[in-house]
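Visitor:
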Amino acid sequence: MPEFRTEPLIVPVVSGLLPEGERDRRVALTSFRSDDERVQVPLREVVCYECGQSSQVPAAALSANCIHCHAHLNMADVEIRPGSRRLTLRTLGNVHVQSGAKLSNLSVVCHNMEVDGRVSGSFRCTGTLSFNTSTRVEGSISAGRLVVDKGVEVELALGAAVESAEIYGRLTGRLQCKGLLHVYRNGAYSGMCKAADVQVDPGGSYEEQSRF
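FYI, this note's numbering numbers position 34 of the sequence shown as 39, with every residue one higher than the one before it.
1) Please work out which residues of its chain come closer than 8 Å, Cβ to Cβ, to residue 80, disregarding the five sequence neighbours upstream and downstream, and give them in chain order.
2) So, for residue 139: in the same chain, excluding its five sequence neighbours on each side, which residues have a beta-carbon less than 6 Å away from its beta-carbon?
3) On the criterion of 16 or more Cβ atoms from any shown chain inside 10 Å, does residue 48 qualify as buried, or is it exposed?
4) Using 7 Å as the threshold, is the C-beta distance between residue 164 and residue 178 below it?
5) Quick one: what does DSSP say residue 19 is sitting in, helix, strand or coil?
6) Report the rounded CA-to-CA distance for residue 106 versus residue 85, giving the unit in angstroms.
7) Opposite residue 130 in the DSSP bridges: which residues?
8) Is there a Cβ of chain D sitting closer than 7 Å to that of residue 140, yes or no?
9) Quick one: is residue 175 buried, meaning 16 or more other Cβ sit within 10 Å of its Cβ, or exposed?
10) Within this structure, are the beta carbons of residue 142 and residue 111 separated by less than 7 Å?
11) In terms of residue numbering, what span does the beta strand (DSSP E) encompassing residue 49 cover?
12) State the Cα-Cα distance for the pair residue 73 and residue 115, rounded to the nearest angstrom.
13) Based on the DSSP secondary-structure assignment, which residues constitute the bridge partners of residue 124?
14) Ordered along the chain, which non-local residues of its own chain (more than five positions away) have a Cβ less than 6 Å from that of residue 195?
15) Within the same chain, show all residues whose beta-carbon is closer than 6 Å to that of residue 166, passing over the 5 residues directly before and after it, in chain order.
16) Can you name the residues that DSSP bridges to residue 196?
17) With residue 149 and residue 168 assumed to form a contact (beta carbons below 8 Å), what rounded beta-carbon distance in angstroms separates them?
18) What does the alpha-carbon distance come out to for the pair residue 192 and residue 204?
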């Protein structure tokens, strides 16, 4: 009669224990390393929306604290949907106002802001503020770059201060532009304007009512 031998039971992952690869990874993260071997975490520079000072934070972080004024800094992207009642928003991320959203007295501080809904208020963007739908803005605007899309009419009640402006549709109101104000074909600007340079393409319209 042949001899019977049992084979050992092999279990790849024992319940309650970490897999070998995950265990090694966690050990490596908690191990002490010399300065030369230390892992460099990717950083990005941000500007605090409370004190205006710049600092560096981990690029993947969703929030941080300003090293100067200790304010809490939100860095997440935000969607403003139809039916939203949120009126104050502070983030170093991007804001998208969805089509169908209607809000007045909105106060936004962000990096880029794309407006597809009808909103009014005060907007401060370190990056680009883009209007893709017609609206009247009752508050002030500050942006690195202002874009008014084709077929869109935007009226500024209190004006805007920007680094540059690109007008494909129609913009009315007071405008202070540190760089170039570019009115494209079929675009139109009307209002009190102070710009370092103005370029109007053939077919565009530029009507300056009076100087600052």
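For glycine and all other residues, C-beta sits at the position ideal for the given N, C-alpha and C. Just so you know, these numbers come straight off a predicted model, no measurement behind them.
Guide: Taking the definition as stated:
1) 51, 62, 66, 67, 68, 69, 96, 97, 98
2) 157, 158
3) exposed
4) yes
5) Confidence at residue 19 is low in this model, with a pLDDT of 42, below 50, so its placement is unreliable and no value can be given for it.
6) 7 Å
7) 115, 148
8) The structure shown contains no chain D, having only a single protein chain.
9) buried
10) no
11) 48 to 52
12) 19 Å
13) 108
14) 177, 212
15) 147, 181
16) 213
17) 5 Å
18) 11 Å
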